[in-house]
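These protein sequence lines map, in sequence, to chains A and B. Under my numbering, think of the first position of the first sequence as 5, with each following residue one higher. Under my numbering, think of the first position of the second sequence as 1355, with each following residue one higher. Structure record follows, encoded as structure tokens.
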Amino acid sequence: MTSVPELARGKRVLICAGPGGVGKTTTSAAIAAGMAAKGLKVAVLTIDPAKRLADSLGLPELGNVERQVDPALFTEAGIEPGDGELWAMMLDSKATFDEVVTKHAPDEETRDAVLSNRIYIELSSALAGSQEYMAMEKLFEIWSEDRYDLLVLDTPPSRNALDFLEAPNRLLQFIEGRSLQVFLAPTGFAAKVAGRGTSMMFSILRRITGVDLLQDLSEFFGSFSGMVSGFRERAAKVNELLSDEHSTFVVVCGPQSETIEEAAYFRGKLAEQGLPFGGAIVNKVHHAGGALPDDAPADLRRHLGDDLGDRVAANYEDYRRLAERDRANIARLGEKLGTDAVIEVPYLDQDVHDLAGLMEVNRHLFGDA
Amino acid sequence: MKDLLDKRLVVVTGKGGVGKSTVALALGVKAAEQGKRTIVCEVASQERISHAFHRGNVGFAESELGPSLYGISIDPDEAMREYVLLSLKVKAMRDLLFRSKLFTYLAAATPGLKELVTIGKVWELALDERKVKGGKPYDLVILDAPATGHGVGFLQTPRTFANVARVGPIATQAETLHRFITNHRKTGVAIVALPEEMPVNETAMLERDLTRTVGVGVDRIFLNGLYPERFSPADDEALEAGLGKAQGPARDAIGAALAVSRRSASQRDQLGRLESLTRAPVTTLPFLFEPEIDIEWLRELAAVV
Chain A
5 MTSVPELARG
15 KRVLICAGPG
25 GVGKTTTSAA
35 IAAGMAAKGL
45 KVAVLTIDPA
55 KRLADSLGLP
65 ELGNVERQVD
75 PALFTEAGIE
85 PGDGELWAMM
95 LDSKATFDEV
105 VTKHAPDEET
115 RDAVLSNRIY
125 IELSSALAGS
135 QEYMAMEKLF
145 EIWSEDRYDL
155 LVLDTPPSRN
165 ALDFLEAPNR
175 LLQFIEGRSL
185 QVFLAPTGFA
195 AKVAGRGTSM
205 MFSILRRITG
215 VDLLQDLSEF
225 FGSFSGMVSG
235 FRERAAKVNE
245 LLSDEHSTFV
255 VVCGPQSETI
265 EEAAYFRGKL
275 AEQGLPFGGA
285 IVNKVHHAGG
295 ALPDDAPADL
305 RRHLGDDLGD
315 RVAANYEDYR
325 RLAERDRANI
335 ARLGEKLGTD
345 AVIEVPYLDQ
355 DVHDLAGLME
365 VNRHLFGDA
Chain B
1355 MKDLLDKRLV
1365 VVTGKGGVGK
1375 STVALALGVK
1385 AAEQGKRTIV
1395 CEVASQERIS
1405 HAFHRGNVGF
1415 AESELGPSLY
1425 GISIDPDEAM
1435 REYVLLSLKV
1445 KAMRDLLFRS
1455 KLFTYLAAAT
1465 PGLKELVTIG
1475 KVWELALDER
1485 KVKGGKPYDL
1495 VILDAPATGH
1505 GVGFLQTPRT
1515 FANVARVGPI
1525 ATQAETLHRF
1535 ITNHRKTGVA
1545 IVALPEEMPV
1555 NETAMLERDL
1565 TRTVGVGVDR
1575 IFLNGLYPER
1585 FSPADDEALE
1595 AGLGKAQGPA
1605 RDAIGAALAV
1615 SRRSASQRDQ
1625 LGRLESLTRA
1635 PVTTLPFLFE
1645 PEIDIEWLRE
1655 LAAVV
């Protein structure tokens, strides 16, 4: 068993990835709070629109800029962070997309054409990979400003952790579809070059989509084509940051076999893409000792009375089955990952919704339990 | 339960990892047991249906899972293809379109189009007179909707498209879909939640967004994974006292009992909060002590949904 300080040693960027519903946001916040408590200046970026992190850190709303968590909250939780600071930001994906467009547009006209295009306004958040890419973009931007010792990124709540890794390519493929401009331009030189087949295609497409939509789509794709090189350079830099030796991916999952499988698959993909893997964090693990020996039921009856003693014994059997399942799954995870850098966080009796709760999680993440 | 299963379409939604697929399948099992010809739709090729019913991949075909119960995994590319087949009657035109790189590219790149054609397929399944050749109508269609991590976006796609496209076939189709999912006589929505503080807050927000922003009616909230109330407050006192005296395995067992008891109590606080924060009636579903979900468990769950 390892601990977060070991995983984070010498790192400037720590990315928490994993399937939805496994407590990624809480884990990211706990890691950031714990490293801040150790005296580092830490910022945590989250994407969750449900403002979970804001809730947990007592911030009314996070917005698209980092805000410092009130140091008094640390004092109240009995922590003396010294020079440590905890900053948090909730990503506004659309606002970041606007910033990116503004940055890469070759001129004001193109910028305005994109920003005022109705498809962009209404549907850019549905663009495959856009939310994920914007998270990386913001990470890169804050990292470039060099104001923090450590950045913790909580990846978007996709069903599949893989969406995060595929995002830049998907978005690039989309933006690089330059040929579209040629095909979609309904008049002029391009149409002549493309020839009769294209105008036929156009009329068939129009039957399905309608004229206005095709026109809007044409403008939408067309205006993006001017930003290809800017986007590509930026994406390459972002990728450089993610594969840097000072960055590390931590996979967060639950003890159920489905999320374990996904975590293992994700680790394989990291390796394929040459991205650094730090370890895994398994949340909500059930722990129990071995099976009750023959004399235990009698023991329980003696301490608790017959009725309660029997119920406690029956409950323990249920609990132990869950614990056994979890243990077997976690052992399998370790084998599949080829590492013993697997941190277990037990199923805690209470929900985590404040700094004190995060620090309770950290007893396990930081190996002080 | 009459209200929900008497709809033509039931959308099961909620955040990732709350057990949406399980609830959708359990509802399907229950409706089929009542004799309703039912189909459960999953999206984004999760193949959870195949998993629970120990079948080969269900895929885009309507596969029989049991008496009156069917399953389908809606692949957006297949749904797109079917949409084109149904909209363009001239074969030569269809062939030209399918061969065209431009079409393939547009279909893949247009934001939100996958969601739109997915909802379109769900609508087609729920029609009295199916559009697909030889398609028999269903009494009930259950949609295991994608996780709502990105807000209510999925169910809002039809209206967004209708607004963007304004006029033309896609606009008309999108308006039809929007009218269908917001017709509360035909379409019901169930949210699946977990008995924890933040999931409860998120469920309350989701209910508000679904009703106010999308305009659908939320009929039921399923609170999944509720621990049984195995120990009373008096039991807890006895357990606390016993913990001090017992040793070894007996002590572990008492510790586990206290952990379950505390969890159970905190979950019941969350149940109370959920009931006060939301308008739709809340149905609780028991925590599963069994290691993995199978058909037997679905039948048990079907009895309580």
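Idealized CB from N, CA, C, for every residue including glycine.
* **Beta-carbon proximity check, Val8 of chain A vs Phe253 of chain A, cutoff 8 Å** => The sequence position of residue 8 of chain A within the first sequence is 4, counting from 1. The sequence position of residue 253 of chain A within the first sequence is 249, counting from 1. It is not a contact, given that the beta carbons lie outside the stated cut-off.
* To do: Below 8 Å on the Cβ atoms is my guess for Val1364 of chain B versus Ile1496 of chain B; work out the distance and round it to an integer in Å.
  => What you label residue 1364 of chain B is simply residue 10 of the second sequence in a count that begins at 1. What you label residue 1496 of chain B is simply residue 142 of the second sequence in a count that begins at 1. Right, the Cβ-Cβ distance comes to about 5 Å (below 8 Å), so this counts as a contact.
* **Residues of its chain near Phe178 of chain A, where Cβ-Cβ distance is below 6 Å and the 5 sequence neighbours each way are ignored** => Translated into positions along the first sequence, residue 178 of chain A becomes position 174. Within the same chain, Phe178 of chain A has no close Cβ partners at all.
* To do: Quickly, what does DSSP pair Ala1547 of chain B with across the bridge? List them, please.
  => If you number the second sequence from 1, residue 1547 of chain B lands on position 193. Ala1547 of chain B is bridged to B:Leu1577.
* Asked: At a Cβ threshold of 8 Å, is Thr159 of chain A touching chain B?
  -> Indexing the first sequence from 1 puts residue 159 of chain A at position 155. So, not an interface residue.
* For Gly294 of chain A, which of B:Val1614, B:Leu1440, B:Thr1637 and B:Gly1602 has the nearest alpha-carbon? -> As a working mapping, residue 294 of chain A is identified with position 290 in the first sequence. Nearest of B:Val1614, B:Leu1440, B:Thr1637 and B:Gly1602 to Gly294 of chain A, Cα basis: B:Gly1602.
* To do: Tell me whether Thr343 of chain A sits in a helix, a strand or coil according to DSSP, three-state version.
  => Within the first sequence, numbered from 1, the residue matching residue 343 of chain A stands at position 339. Coil.
* Please confirm whether Phe225 of chain A and His108 of chain A have their CB atoms less than 8 Å apart. => Within the first sequence, residue 225 of chain A is the residue found at index 221, counting from 1. Within the first sequence, residue 108 of chain A is the residue found at index 104, counting from 1. Going by C-beta atoms, Phe225 of chain A is not nearer than 8 Å to His108 of chain A.
* Check whether the Cβ of Glu126 of chain A lies closer than 8 Å to any Cβ atom in chain B. => Residue 126 of chain A sits at position 122 when you count from the first residue of the first sequence. With 8 Å as the cut-off, Glu126 of chain A counts as an interface residue toward chain B.
* To do: Mind listing, in chain order, the continuous beta strand (DSSP E) runs of no fewer than 3 residues lying wholly within the stretch 197-278 of chain A?
  => 251-257
* To do: At 9 Å on the CB atoms, spell out the chain B contacts of Arg315 of chain A, in chain order.
  => Within the first sequence, numbered from 1, the residue matching residue 315 of chain A stands at position 311. Arg1584, Phe1585, Asp1589 and Ala1611, listed in chain order.
* Determine the chain A residues that contact Ile1608 of chain B at a beta-carbon separation under 9 Å, and present them in chain order. => As a working note, residue 1608 of chain B is residue 254 in the second sequence. Going along chain A in sequence order, the residues near Ile1608 of chain B (Cβ under 9 Å) are Leu304, His307, Leu308, Val316 and Tyr320.
* Asked: CB Val1570 of chain B to CB Leu1577 of chain B, shorter than 8 Å?
  -> Numbered from 1 along the second sequence, position 216 holds the residue referred to as residue 1570 of chain B. Numbered from 1 along the second sequence, position 223 holds the residue referred to as residue 1577 of chain B. In this structure, Leu1577 of chain B does not lie closer than 8 Å to Val1570 of chain B by Cβ.
* Any C-beta of chain B sitting closer than 8 Å to the C-beta of Ile347 of chain A? -> As a working mapping, residue 347 of chain A is identified with position 343 in the first sequence. Output row for Ile347 of chain A: interface = no.
* Counted within 10 angstroms of its Cβ, other Cβ atoms place Thr1367 of chain B as buried (16 or more) or exposed -> Stepping through the second sequence from its first residue, residue 1367 of chain B is reached at position 13. Looking at its Cβ environment, which holds 16 or more other Cβ atoms inside 10 Å, Thr1367 of chain B is buried.
* To do: Would you check if the stretch 1413-1425 of chain B and the stretch 1447-1454 of chain B touch, i.e. whether three or more CB-CB distances between them fall below 8 Å?
  => no
* Asked: Near Ala1611 of chain B, which residues of its chain fall below 7 Å by C-beta distance, leaving aside the five closest residues on each side in sequence?
  -> One-based indexing of the second sequence puts residue 1611 of chain B at position 257. Taken in chain order, the residues that qualify are Phe1585 and Leu1593.
* So Pro1640 of chain B is in the beta strand (DSSP E); what residue range does that whole segment cover? -> Here the question's residue 1640 of chain B lines up with position 286 in the second sequence. Taken as a continuous stretch (DSSP letters only), the beta strand (DSSP E) holding Pro1640 of chain B covers Val1636 to Pro1640.
* 7 Å CB neighbourhood of Leu1358 of chain B in its chain, flanking five on each side removed -> For the purposes of this step, residue 1358 of chain B is taken as the residue at position 4 of the second sequence. Around Leu1358 of chain B: Val1364, Gly1542, Ala1544, Asp1573 and Arg1574.
* Can you find a CB in chain A that lies within less than 8 Å of the CB of Arg1616 of chain B? -> Start at 1 with the first residue of the second sequence, and residue 1616 of chain B comes out as number 262. Yes, its Cβ sits closer than 8 Å to a Cβ of chain A.
* Could you round the C-beta distance between Leu157 of chain A and Ile19 of chain A to whole angstroms and report it? I think they count as a contact, below 8 Å. => Indexing the first sequence from 1 puts residue 157 of chain A at position 153. Indexing the first sequence from 1 puts residue 19 of chain A at position 15. Indeed, because the Cβ distance is near 5 Å, the residues count as touching under 8 Å.
* **Anticipated Cβ contact below 8 Å, Pro350 of chain A with Val289 of chain A, distance rounded** => Your numbering for residue 350 of chain A matches position 346 in the first sequence. Your numbering for residue 289 of chain A matches position 285 in the first sequence. Their Cβ separation, rounded to whole angstroms, is 5 Å, which keeps Pro350 of chain A and Val289 of chain A in contact under 8 Å.
* To do: Between the Cα of Ala12 of chain A and those of A:Ile208, A:Pro280, A:Leu218 and A:Leu352, spot the shortest distance and give me the residue it belongs to.
  => Residue numbering aside, residue 12 of chain A sits at position 8 when the first sequence is read from its first letter. With distances taken between Cα atoms, Ala12 of chain A lies closest to A:Pro280.
* **Beta-ladder partner(s) of Phe281 of chain A, from DSSP** => Residue 281 of chain A sits at position 277 when you count from the first residue of the first sequence. Per DSSP, A:Phe253.
* Within 8 Å (strictly less), CB to CB, does Pro259 of chain A reach chain B? -> Translated into the one-based positions of the first sequence, residue 259 of chain A becomes position 255. Not one chain B Cβ lies under 8 Å of Pro259 of chain A.
* Asked: Excluding five sequence neighbours on each side, which residues of the same chain lie with their C-beta closer than 6 Å to the C-beta of Ser1466 of chain B?
  -> Reading the second sequence from its first residue, position 112 is the one you call residue 1466 of chain B. In the sequence as displayed, the identity of residue 1466 of chain B is Gly instead of Ser. Taken in chain order, the residues that qualify are Thr1511.
* **For Leu1625 of chain B, the residue or residues it bridges with in DSSP** => Position 271 of the second sequence, counted from the start, is the residue given in the question as residue 1625 of chain B. The partner list for Leu1625 of chain B (beta bridge, DSSP) is empty, contrary to what the question assumes.
* Do we get a CB-CB distance below 8 Å when we pair Val1372 of chain B with the residues of chain A? -> In the second sequence, residue 1372 of chain B corresponds to position 18, counting from 1. Judged by the 8 Å Cβ criterion, Val1372 of chain B is in contact with chain A.
* Asked: How many Å lie between Met93 of chain A and Lys1485 of chain B at the Cα?
  -> For this step, residue 93 of chain A is matched to residue 89 along the first sequence. For this step, residue 1485 of chain B is matched to residue 131 along the second sequence. Taking the straight line from one Cα to the other gives about 48 Å.
* Could you pull out every residue in the same chain whose Cβ sits closer than 7 Å to the Cβ of Ile1649 of chain B, ignoring the five residues on either side in sequence? => Position 295 of the second sequence, counting from 1, holds the residue named residue 1649 of chain B. These residues qualify, in order along the chain: Ala1406 and Phe1407.
* Beta-carbon spacing of Ile208 of chain A, Leu1460 of chain B below 8 Å -> In the first sequence, the residue the question calls residue 208 of chain A occupies position 204. In the second sequence, the residue the question calls residue 1460 of chain B occupies position 106. Going by C-beta atoms, Ile208 of chain A is not nearer than 8 Å to Leu1460 of chain B.
* Asked: So, does the CB of Ala41 of chain A fall closer than 8 Å to a CB anywhere in chain B?
  -> The residue given as residue 41 of chain A occupies position 37 in the first sequence. Output row for Ala41 of chain A: interface = no.
* List the residues that DSSP assigns as beta-bridge partners of Tyr93 of chain A. => For the purposes of this step, residue 93 of chain A is taken as residue 89 along the first sequence, with counting starting at 1. The amino acid occupying residue 93 of chain A in the given sequence is Met; Tyr does not appear at that position. Met93 of chain A is bridged to A:Leu49.
* Which residue or residues does DSSP assign as beta-bridge partners of Thr114 of chain A? -> Start at 1 with the first residue of the first sequence, and residue 114 of chain A comes out as number 110. Thr114 of chain A is not bridged to any residue.
* Taking 8 Å as the cut-off, decide whether the C-beta atoms of Leu155 of chain A and Ala21 of chain A are in contact. => Locating residue 155 of chain A in the first sequence gives position 151, where the first residue counts as 1. Locating residue 21 of chain A in the first sequence gives position 17, where the first residue counts as 1. No.
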